[in-house]
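Protein chains in written order, with the working numbering: chain A, 14 to 363; chain B, 14 to 363; chain C, 14 to 363; chain D, 14 to 363.
Yeah, the Cβ is synthetic: ideal placement off N, Cα and C, and Gly gets one too.
Quantities reported herein were computed from a predicted structural model and do not represent experimental measurements.
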């Protein structure tokens, strides 16, 4: 182990807490970062995700929240490497992907062990020192102990609004979120033959204003009975004249945005998922949001366009940016996101 | 029969061509108009709709497109009252609710028989002398021989945009249509776990500009796997300052708009359908679009709000307005829509 | 009131407790029984169902569970006629259609007021003196104080199994239930793009054996993301040779079974719902289960066939039969179900 | 190339015609067979599947049906390696995965080039010399020029029925297929809130009898609005007494059947898909059908159980078996399926 330790000497030591839909993908993403070490993942029970980890050969070490449940794992032949407490002694940053509310309890542990933590969007803003997005406010996360990531919709939305904002300035946005209501395989929630509406403004618009306080935002959200990606329709008021082609150029240049065409067959959120499966991406995941080239129009001087949010994987890059920020691995945001992108093989379209 | 004839002497004689989803509802709506006579309905085959007409006691006379198929109806015990040609001799206006494209062929028959006709949104604009909406451009339909109604989404959309326009003026609108992809029971189309996108602008925005040429419109449309109503998110730029409460007042005063609250349980398109079923409305239909009180927000001086379009029945009132216009039964639009509303029991909320 | 009282003197006085999906339909069904009086319905809050009752002119009197909430109803202009306790003084039988578990609490009230009650399938069997089905074991309900109805699937399943059993005897059945997972408008449960399986045997098979102890039954259940009716596939082993045509004849002769054909357009559960809407049935409801004529086949001497269960309304007739049984209005089951059918306009197909 | 050629000298040269849902998976499966060479894949247009092949680095050579469309591929930078005709000169067996009906036309090409071909279930039986299933009738395919594979449902169904048949004999089966109506991403077909029924018997029961003529089969099929796997409920009449545990043992021993438990979280077809994604399987595919341990019950001496069919990948192993049979690579079926399984990493559960 000492050899590995030496090799890993300068690496930031990371663990993932909660090995569910987001946790599994965080682990995969961190494992690809050459300047980070994924020390282990933590879960409470031999869930299907844990069994899949086992069946695929334990690429990541597993630690247990509750040591008393160790026999349960043993009977299934699933090796464990210690307890949550032990793991926290070995790491610098915990990526907390537990169900909403658990993170707040875990925070006490992180404090006790003197480690930093990054929480997902399900926790309340108060849990963290900064509400964070890798592109829009990297500097707010520098050196902080506790960050909270934006949720999946907000993460993708801010990517594109921030990109426009850096180019021409954004005065205001009015968004309509057509939300997938469950992840593939979820049985604890779902809707049948129903579009469920939420009051205006949705939390994503409010969150955007927290991260980008100079932009006025409001929005409407409708839950729809699908699983493979949210779609957001955005009406943006730019500060300078702005055209369709400029939006396409900005998005093509963005390593975390993919510009696609209905004419090529990308006619739905699920077409993007199918494409990612066919690419051989693990789990059929995609880190990039997509912009539909044919779904852009002018409304006077405002611009209307639509993006796709692959909810299972979209927050992974920005969470990894968060590790860079809180550990001050890079102080310049462009250096930070650039490295994250490089290790995740995210490139600008040319 | 002469007695009935006398009673009906001054009534406009109407027939419905194509007894499908829309045709059945047009028949029911016309039958309620005390100054119109529903002479009969026409169809080509003993469809389930025709069988339901029979099982419910033939409240409307049935005429056949193809007399050679009469024995088919006879075997089922379904009485028929003559042919399409014979029916056209007895009527003033044909409401054509046949599948897209058939109306264009029927038009030759209408010309030959010297009757007027109103086509539904599936036909091309060129088929008609005027593209018609009872509230927005009633006068364009006056005395015309051939009208084309706006489609279901456009009909509902124009109701509310026209209402705002009459109050404060509308400069532009940017809409996002969350479209139900099939009617309940349809098996010839459908989507599973998929949000299908269409290029911007959608035809509804273009149609709105045809009917209301002084308003700039664009929009994005997403097909969703549901059946009980479209939802439209609208960002409107008014010509004068305009607030949320004013929108609510305008809509409350509109007999064809129902203002509802999520807090009361109206949390989805299907909640509205369920409510209409519980009201005892025939087929669980609703003529009114709905505006969600909690789904209104300001985006700077623009206003964002959302409406529900009950696609099966929403165009019925405006089609009946069309009968009034083309027959010049009323020359003032307020008189016309007022009578249609009265006979359909549509009232302003107070 | 005394006049009405005289007219109603010999009528069985019934109330409905819980005015939800089932409660509304029980009220409608009881109101049609000329030998019963629907004294009132009870609910706890101004739900959408209660608001629809109000908007449709209060055809039924409304009583309140909690008198302290009366002002809430008053503000909405919804008239109330007293309390649950007061109502229980005026009735003979309560039809309890409250959510599962509440009925057990209400039972104490029924005992205190000396009234009989009929519970729906959501309660435990122990709540009742008899687990009841109008056709299969009417005599078990005679004079009992507390009956529990079979659930929607079991009610429909037993209809057809009992009908075969009376003709040729049934040795055993193996069923596959393709279950609709939510009612139209439900947001508290649902599934997206998922077939959820349940352990064998399902409760419906077990329930069938409770009602028909001489039949061996097992079954498998799959929840599917639809709302308009369950479909059950049945493999039945008859005691005597039995053919497809005999099954069709038996079902045609049964007032609560409708024999339909795919060839006519009845190609789905939702086609049946659409047909019921087009018939003008209130809420688009159907009391009858359907048997598909083309979906019958022989498996050696066993017979395979499929039925549709319209879950919202299917238990209404058998619940009304229960009133007849527990009040001993008729002692012969054929007299009882015959009257229920007559008042609900249910007739054999000829 | 000569070096490669030498290495490949004794390998069976295979191509895949039609690079769609099945074709892509056939290519992946053949590429894993160490005694086969995937010479190339053929398609007609730069579909999304072809673009994904390109974006993932062209692991397989692409040939064009229509040489005139080569510039279209060139503009996208997609390299092509020749024409369909040229490819047919280089191969021994074509795996035809074109849309139903095209295969019949391609057959003339295969004859002209003197190559063998294996067609998928969409073609008519007459196209082939034998209707083939690797486990149930391997010997029927030996040395034949043209094989037709069973469809996805039939392939999985026969796996388990054949396994039982080899153990205790099967007299008859009555099946209920709960069919996924579309693949993820399909927009050309789909259903919303609807269970669509088909006449009895379904083609899968008929096909089973063609492959296993000594078994009597019938069945009912319902299309359901899901995408991630069919579920089949089977009532089987064994020739000898047979118990639940024996079925579990047989299935555990079968490399192409996975025994799963609801209690572990495998509560749906989509849970299996999610698990396969989490395993890191390419595209989240699974070759194995699944048997639910809790979904087995006795119906007298008959046995009721349920299996899951992952429709996108299930036919790949048996198609590869077909290559072995028609090329007489192995004359013993156990040797053949054993090698296919070994190269696909399919193992019995122990």
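In the three-state DSSP reduction, residue 126 of chain C falls in the helix class (H, G or I). Under the Cβ criterion of 7 Å, residue 68 of chain B is counted among the residues facing chain C. Residue 214 of chain B counts as buried, since no fewer than 16 other beta carbons sit within 10 angstroms of its beta carbon. Our two residues, residue 36 of chain C and residue 298 of chain C, have alpha carbons roughly 13 Å apart in a direct line.
In the DSSP assignment, residue 255 of chain D forms no beta bridge with any residue. Taken atom to atom, the span from the alpha-carbon of residue 309 of chain D to that of residue 123 of chain A is near 47 Å. Annotation: residue 334 of chain C to residue 178 of chain C spans about 20 Å, alpha carbon to alpha carbon. In this chain, the beta strand (DSSP E) harbouring residue 236 of chain D covers 229 to 237. Residues of chain A with a Cβ closer than 8 Å to the Cβ of residue 33 of chain C do not exist; the shortest Cβ-Cβ separation is about 17 Å. For residue 184 of chain B, same chain residues with a beta-carbon under 6 Å away, outside a window of 5 residues either side, are 250 and 252 in chain order.
With respect to the C-alpha of residue 199 of chain C, the residue from C:29, C:34 and C:27 having the closest C-alpha is C:34. For residue 321 of chain D, the enclosing beta strand (DSSP E) stretches over residues 315 to 322.
For residue 303 of chain D, the closest Cβ of chain C is not nearer than 7 Å. For residue 206 of chain B, at least one C-beta of chain A is nearer than 7 Å to its own C-beta.
Contact annotation: residue 193 of chain D and residue 235 of chain D have beta-carbon atoms that are not nearer than 7 Å. The shortest CA-to-CA distance from residue 327 of chain B to any of B:170, B:53 and B:208 is the one to B:170. Comparing C-alpha distances from residue 196 of chain D to each of B:118, B:90, B:205 and B:195 shows the shortest one belongs to B:205.
The Cβ-Cβ distance between residue 58 of chain B and residue 51 of chain B does not fall below 7 Å. Between residue 361 of chain D and residue 267 of chain D, the beta carbon gap of about 7 Å places them in contact (Cβ cut-off 8 Å).
Per DSSP, residue 172 of chain A has no beta bridge partner at all. For residue 223 of chain C, the CB contacts under 6 Å within the same chain, skipping 5 residues up- and downstream, are 144 in chain order. The shortest CA-to-CA distance from residue 70 of chain B to any of C:127, C:291 and C:191 is the one to C:291. The C-alpha of residue 125 of chain A lies about 16 Å from the C-alpha of residue 108 of chain A. In the assembly as shown, residue 276 of chain A is an exposed residue. Its beta-carbon has fewer than 16 other beta-carbons within 10 Å. Residue 312 of chain D and residue 260 of chain D have their C-alpha atoms roughly 14 Å apart.
A distance below 7 Å separates the beta carbons of residue 156 of chain A and residue 341 of chain A.
Contact between residue 243 of chain C and residue 316 of chain C does not hold, since the beta-carbon distance rounds to 20 Å and is not under 8 Å.
Along the stretch 182 to 199 of chain A, going in chain order, the ones with a CB nearer than 9 Å to a CB of chain D are 196, 197, 198 and 199. Within the stretch 77 to 115 of chain C, the beta strand (DSSP E) runs of at least 3 residues that lie entirely inside it are, in chain order, 106 to 109. Here residue 303 of chain B is near residue 273 of chain B, since their CB atoms are less than 7 Å apart.
Residue 237 of chain D is positioned such that its CB atom lies no closer than 7 Å to that of residue 218 of chain D. Restricted to the stretch 259 to 300 of chain C, the alpha helix (DSSP H) segments that are unbroken, complete and at least 4 residues in length are 282 to 292, listed in chain order. According to the DSSP assignment, residue 44 of chain D belongs to the alpha helix (DSSP H) that extends over 34 to 44. Shown here, residue 118 of chain A sits in a helix according to DSSP, grouped into three states. CA-CA distance, residue 307 of chain D to residue 77 of chain A, rounds to 28 Å. When DSSP states are grouped into helix, strand and coil, residue 187 of chain A belongs to the strand group.
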